[in-house]
Amino acid sequence: MSAELIIRNGLFLTMGPQGAVEGDLVVRDGLIAAIGAGAAGLSEAPEIDAGGAIVLPGLIQAHVHLGQTLFRGVSDDVDVVDWLHDWIWPLEQRHDEASMAASCRLGVAELLLGGTTTVLSMESVHHTDASFQAAADLGIRAFIGKALMDYREPGTHMFGESTADALADARRLLATWHGAEQGRLKVALSPRGPRNATVELWREVVKLAEEHELILHTHVNENRAQAERVALTGDGRDVVALAAWGALGPRLVMAHCVWPDEVELELMTQYGPSVCHCPSANLKLASGLAPVPTYLERGINVALGADGAACNNNLDAFQEMRLAALLHKPGHGPRAMPAATVLEMATRGGARALGMDREIGSLEVGKKADVVILRPDRAHSAPANVNDLASSIVYSRTAADVRTVLVDGRVVVQDGVLKTAAEDEIVAEAIKQRELILQRLEA
1461 MSAELIIRNG LFLTMGPQGA VEGDLVVRDG LIAAIGAGAA GLSEAPEIDA GGAIVLPGLI
1521 QAHVHLGQTL FRGVSDDVDV VDWLHDWIWP LEQRHDEASM AASCRLGVAE LLLGGTTTVL
1581 SMESVHHTDA SFQAAADLGI RAFIGKALMD YREPGTHMFG ESTADALADA RRLLATWHGA
1641 EQGRLKVALS PRGPRNATVE LWREVVKLAE EHELILHTHV NENRAQAERV ALTGDGRDVV
1701 ALAAWGALGP RLVMAHCVWP DEVELELMTQ YGPSVCHCPS ANLKLASGLA PVPTYLERGI
1761 NVALGADGAA CNNNLDAFQE MRLAALLHKP GHGPRAMPAA TVLEMATRGG ARALGMDREI
1821 GSLEVGKKAD VVILRPDRAH SAPANVNDLA SSIVYSRTAA DVRTVLVDGR VVVQDGVLKT
1881 AAEDEIVAEA IKQRELILQR LEA
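Going by the numbering used here, the letters in the sequence shown line up with residues 1461 to 1903, in that order.
Below is the structure:
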């Protein structure tokens, strides 16, 4: 069978056993069919000339909120409790289908233009179909879940719906969207936090996840005051409670994990959940620094995520990589978080968190052709250290350096232009819907 597409003249940082290789990459049936010097031969398939630029696997973000993209900049310079109480929860409650669609389309566009090809997103209680539709239309690989909430977390006013309604809607989404777009879209089960859902809901969600092999996605130990407050409840600290409910395991992705105690660290090491490090959001909300070097030393898988545009205020995976590499050096030494380790978190670490490490996260024959081509060296990144491409990517590059993006071998960004929708129309609709939702908030 002939090739569908060839990327020629690339400097491929494979994140696999081959390391960095020069040459070509051949796409066939949406998969990588060959990579390396002379891989394409004399094939007459359509070509993309990388021009010697760096080519890397599509980046993976394991914690975002696409439904919050519309709220960019509305609540800055506050901690997470006030942010949720005064702004985010009231705004999420005022989403309608149109505003959710505009928010998610804007978020997906930003992610793809910035080289993120796979995302794990937690939405609000309602209108989650709009998020799936945005991902379907624009071409990103996505794991999406509605926020499952049937309990008011101590100290907050956040409450969702009844246990029965939460489970019924999760099952409906599963029947409607799981495996859609030739498997590119998956349903995740997303209790918003250990204390936003009752024990009954958690236990039912765990059963459903095991039955259908689904990812579980929740927030854990994000804010110190929250962590200490919930520690006083009957089930103890977050990770202790998750273990008691049967949720702690390899299919669980825990966002933030800034304030674990030693008992929780031992449980995490034993049960093998993944942590999603969100450095920008944790800094901006003054939540603290997650003990990522400790997680890595203990063999706990760590992925990266931007969280949401409402608390970041962007979805730039390159920024998250740079911060993840820099933040821990003062406390752990200059070699604590080398660039190669951080890039691993943004690629293979994310793939492991989503149970897709055999399919994405590296450029290897047989894996899905999720590929990012960077622009040739620019003023802010030249000259690149060709002997350490990870260093160039993590410390010098930004989302603006992304030139071309493939998902499943399909070109979704070409020469910096989104090919699956008109970026200006997405932005215009987002501005319109932002104004409408703010009007509803004031009404």
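Here a beta-carbon is modelled for each residue, glycine too, at the ideal position from N, C-alpha and C.
For T1474, the secondary structure class from DSSP, reduced to helix, strand or coil, is coil.
In this structure the stretch 1772-1782 touches the stretch 1734-1743; the number of beta carbon pairs closer than 8 Å is three or more.
By the Cβ criterion, the stretch 1824-1833 is in contact with the stretch 1487-1505, since at least three pairs of Cβ atoms, one from each stretch, lie closer than 8 Å. Counting C-beta atoms within 10 angstroms of its own C-beta, Q1730 has fewer than 16 neighbours from the protein chains shown and is therefore classed as exposed.
Taken atom to atom, the span from the alpha-carbon of G1511 to that of R1838 is near 13 Å. Remark: C-beta atoms of M1714 and T1678 approach each other more closely than 8 Å.
With contacts defined as CB atoms closer than 8 Å, V1718 and L1749 qualify as a contacting pair.
Taking 8 Å as the cut-off, the beta carbon of G1706 is found closer than this to the beta carbon of R1663. From the listed residues E1726, E1757, D1868 and I1891, the smallest Cα separation to R1488 is found for D1868. For G1567, no beta strand (DSSP E) segment is defined; the enclosing uninterrupted segment is the alpha helix (DSSP H) at E1557 to L1573.
For R1863, the enclosing beta strand (DSSP E) begins and ends at V1862 to V1867. For A1844, same chain residues with a beta-carbon under 6 Å away, outside a window of 5 residues either side, are D1837 and S1852 in chain order. In this chain, the beta strand (DSSP E) harbouring I1604 covers R1601 to G1605. A straight-line Cα-Cα distance of about 15 Å links Q1686 and Y1611. Here DSSP, grouped into helix, strand and coil, assigns S1740 to helix. E1780: not part of any beta strand (DSSP E); member of the alpha helix (DSSP H) spanning A1777 to L1787, first to last residue. Just so you know, the alpha carbons of L1764 and S1622 end up roughly 32 Å apart.
Look at G1791 here: in three-state DSSP terms it is helix.
When rounded, the separation of the alpha-carbon atoms in A1800 and V1832 is 17 Å. For the beta strand (DSSP E) assignment, the uninterrupted runs of no fewer than 3 residues enclosed by the stretch 1711-1762 are, from N- to C-terminal side, 1712-1716 and 1734-1737. Distance from R1863 to D1875 at the Cβ level is roughly 6 Å; contact confirmed, criterion being Cβ atoms closer than 8 Å. With a contact defined as Cβ atoms closer than 8 Å, R1818 and G1599 miss out at about 22 Å. Within the DSSP bridge table, the entry for G1483 names G1470 as partners. Just so you know, the alpha carbons of L1702 and E1724 end up roughly 10 Å apart. If the five residues before and after E1883 are omitted, its C-beta is found closer than 8 Å to the C-beta atoms of A1569, L1573 and V1877, all from its own chain and listed in chain order. Look at G1496 here: in three-state DSSP terms it is strand. Between the C-alpha atoms of E1889 and A1505 there is a straight-line separation of about 37 Å.
If you draw a straight line from the Cα of V1524 to the Cα of L1502, it comes to about 42 Å. K1892 sits in a helix when the DSSP states are folded into three classes.
Annotation: the continuous alpha helix (DSSP H) that includes D1698 extends over D1698 to A1704.
Of F1603, V1481, L1661 and D1767, the smallest CA-CA separation from D1848 is found for V1481.
Residue range L1849 to S1856 is occupied by the alpha helix (DSSP H) that includes V1854.
In the DSSP assignment, V1515 is bridged to F1472 and I1833.
For R1684, the secondary structure class from DSSP, reduced to helix, strand or coil, is helix. By the Cβ-count criterion, P1794 is exposed, with fewer than 16 other Cβ atoms from all chains shown falling within 10 Å of its own Cβ. Counting C-beta atoms within 10 angstroms of its own C-beta, G1810 has 16 or more neighbours from the protein chains shown and is therefore classed as buried.
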